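Read in my numbering, the sequence shown has 814 at position 120, and its numbers run on one by one without any break.
Think of the CB as a built atom: it goes at the ideal place given N, C-alpha and C, for glycine as much as any other residue.
Remember, predicted model here, so these are calculated numbers, not experimental data.
Before any comments, here is the structure.
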Amino acid sequence: MFHTFLIKYAEIGIKGKNRYLFEDKLVSLVNRALKRIDGHFLVTKEAGRIYAEADGDFDDEEVIDVLTRVFGVADICPMMRVEDLGPEKLREQVIEYLREAYDDFHFTFKVDSRRINKAYPGTSETINADLGEALLEAFPDLRVDVHHPDVKVNVEIRKTGVNIYSKVIPGPGGLPVGTNGKSMLLLSGGIDSPVAGWMVAKRGVIIEAVYFHAPPYTSERAKEKVVDLAKLVARYSGPIRLHVVNFTDIQLYIYQQCPHDELTIIMRRYMMRIAEMLAEKNGCLSLVTGESIGQVASQTMQSLVCTDAACTMPVFRPLIAFDKQDIVEISEKIGTYETSIEPYEDCCTIFVAKHPVTKPLLHKIEKSEENLREKIGEMVKTAVDTEEVIWC
């Protein structure tokens, strides 16, 4: 077992003078993630590198599991970290590394050294040759393949010591959460919206969420399902504050006062209005939805135009050009799919017209909404004032 993990980042490396802000945020998030597991870790950074070093025993699979859910992490490399050694001692350490890392030595390999510390004798090419020769002598079953090796033994000779590693576990990539503002996610119990929240969080955005509950037409279990989904997304995004809004009276009023083929669009517009009010109240800069062009009647181009007109805040739709199968594959990868397909309906699936309008005209929708003028303002205010907040 190796007690140090090298944590690599990718996009952060091109952030110029602001790079240190992203690095510091990533260090903070790695620290937070590792506190969820047994064992004490010291997380440090140096130029282009972040390290997590364990003090005592730990479960390496558990460490890798939590680190693969920290946005901003490109790769995770269990490694041996040793002092800046001379050539002979380095040969011994590389042999020791391979002996600890592998049980079977019937594979091809190459050594890839980087001499960041220019005071170290030799060149990268001579170091590669020297270490390769040492490994062949120590493990006769090994074979060299410099073009397509099964194992690449990386040796980084830095001023602070030498890093030796060969196993590279992909991280989630993206940017550290908290480096790009905050958004309000319209979260339902379906497949799409949790994926949309995950995708926006991957770009460094803090997520809050709003769920529209319609008791008794939607069950308490439907709400619990959405809480479960928020918790699954929160494994990547960090804690999510979920705003549960009672939407029953508003839905019934729209159902009674408006043309039934326009119900979905008008209900959606009021969801957007309420979501915007909560977003402004909680310091969010945008809304996020799981809509994809043409997937359902409320997501045609004309329907999206009508929906957007209900609010002034930017609406981000990260799934806008995704096929359904693309979305399903991501939901399976992030672990939300099985929960999303549980058979508990949310308010988006009740009061649905048999023949909803697919090409609504904004002026007609606005005219139909005039039928709501008498009570809708007070209803919206009540819905916002009586929200339930759940930390997930």
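Using 10 angstroms around the beta-carbon of residue i, count the other beta-carbons present and answer buried if the total reaches 16, otherwise exposed.
i: Ser860; result: buried
i: Ser722; result: exposed
i: Thr738; result: exposed
i: Trp1085; result: exposed
i: Asn848; result: buried
i: Glu850; result: buried
i: Leu926; result: buried
i: Gln945; result: buried
i: Ile863; result: exposed
i: Leu881; result: buried
i: Pro1008; result: exposed
i: Arg730; result: exposed
i: Lys919; result: buried
i: Gln1019; result: exposed
i: Asp886; result: buried
i: His841; result: exposed
i: Asn712; result: exposed
i: Tyr714; result: exposed
i: Glu782; result: exposed
i: Lys896; result: buried
i: Ile708; result: exposed
i: Gly865; result: buried
Per DSSP, which one or two residues make a beta bridge with residue i?
i: Thr932; result: Note that residue 932 corresponds to Gly in the displayed sequence, not to Thr. For Gly932, which the question treats as bridged, DSSP gives no partner whatsoever.
i: Cys978; result: Note: Cys978 sits in no beta bridge, so no partner.
i: Ala746; result: Phe699, Val737
i: Ser877; result: Ile901, Ser980
i: Lys846; result: Lys804
i: Ile851; result: Arg809, Val856
i: Ile863; result: Ile770
i: Phe1010; result: Val982
Mind checking which residues open and close the beta strand (DSSP E) that includes residue i?
i: Gly855; result: 855–859
i: His734; result: 734–740
i: Pro644; result: Outside the displayed span of the chain (695 to 1086) sits residue 644, for which this structure offers no information.
i: Cys771; result: 769–776
i: Val1083; result: 1082–1085
Starting from residue i, trace the alpha helix (DSSP H) both ways and give me its first and last residue.
i: Ile821; result: 818–832
i: Ile900; result: Looking at the DSSP string, Ile900 is not in any alpha helix (DSSP H); the run it does join, the beta strand (DSSP E), is 900–907.
i: Thr942; result: 942–951
i: Ile1059; result: 1056–1063
i: Tyr1031; result: 1031–1034
i: Ser1025; result: 1018–1028
i: Cys1005; result: Segment: none, Cys1005 is in no alpha helix (DSSP H) and carries neither H nor E.
i: Asp754; result: 754–761
i: Gly891; result: 886–896
i: Lys1053; result: Careful: Lys1053 lies outside any alpha helix (DSSP H) and carries neither H nor E.
i: Thr1076; result: 1070–1079
Give the secondary structure of residue i by DSSP, where H, G and I count as helix, E and B as strand, and everything else as coil.
i: Arg730; result: coil
i: Ile810; result: coil
i: His937; result: strand
i: Thr958; result: helix
i: Val927; result: helix
i: Leu869; result: strand
i: Arg837; result: strand
i: Phe716; result: helix
i: Asp751; result: coil
i: Tyr1038; result: coil
i: Ile987; result: coil
i: Asp922; result: helix
i: Val721; result: helix
i: Arg967; result: helix
Going by CA-CA distance only, name the one from the options that's closest to residue i.
i: Lys917; options: Ser1034, Ser997, Gln989, Ala823; result: Ser1034
i: Pro1054; options: Ala991, Thr1076, Pro909; result: Ala991
i: Val899; options: Leu700, Val889, Leu869, Leu881; result: Leu869
i: Asp798; options: Glu1063, Arg837, Gly750, Leu923; result: Arg837
i: Ile706; options: Lys719, Leu700, Phe699, Leu1013; result: Lys719
i: Leu957; options: Gly766, Lys709, Glu1063, Glu794; result: Glu1063
i: Glu740; options: Thr854, Gly710, Ala823; result: Thr854
i: Asp1079; options: Pro781, His937, Lys812, Asn874; result: His937
i: Leu979; options: Ala727, Lys804, Leu879; result: Leu879
i: Ala1003; options: Tyr964, Phe752, Val921, Val845; result: Tyr964
i: Tyr947; options: Tyr911, Asn1065, Asp806; result: Asn1065
i: His954; options: Pro1050, Asp922, Phe1016, Gly988; result: Pro1050
i: Gly932; options: Ile744, Thr873, Asp844; result: Thr873
i: Val764; options: Glu782, Leu830, Tyr930; result: Tyr930
i: Gly816; options: Leu829, Arg967, Leu784; result: Leu784
i: Val760; options: Lys702, Leu972, Asn725; result: Asn725
i: Glu1082; options: Asp749, Phe941, Lys896; result: Phe941
i: Phe669; options: Phe833, Thr698, Ile770, Val982; result: The chain is shown from 695 up to 1086; residue 669 falls before or after that span and cannot be answered.
Chain C beta carbons: is any one of them nearer than 8 angstroms to that of residue i?
i: Asp769; result: In the structure shown, chain C does not exist; there is a single protein chain.
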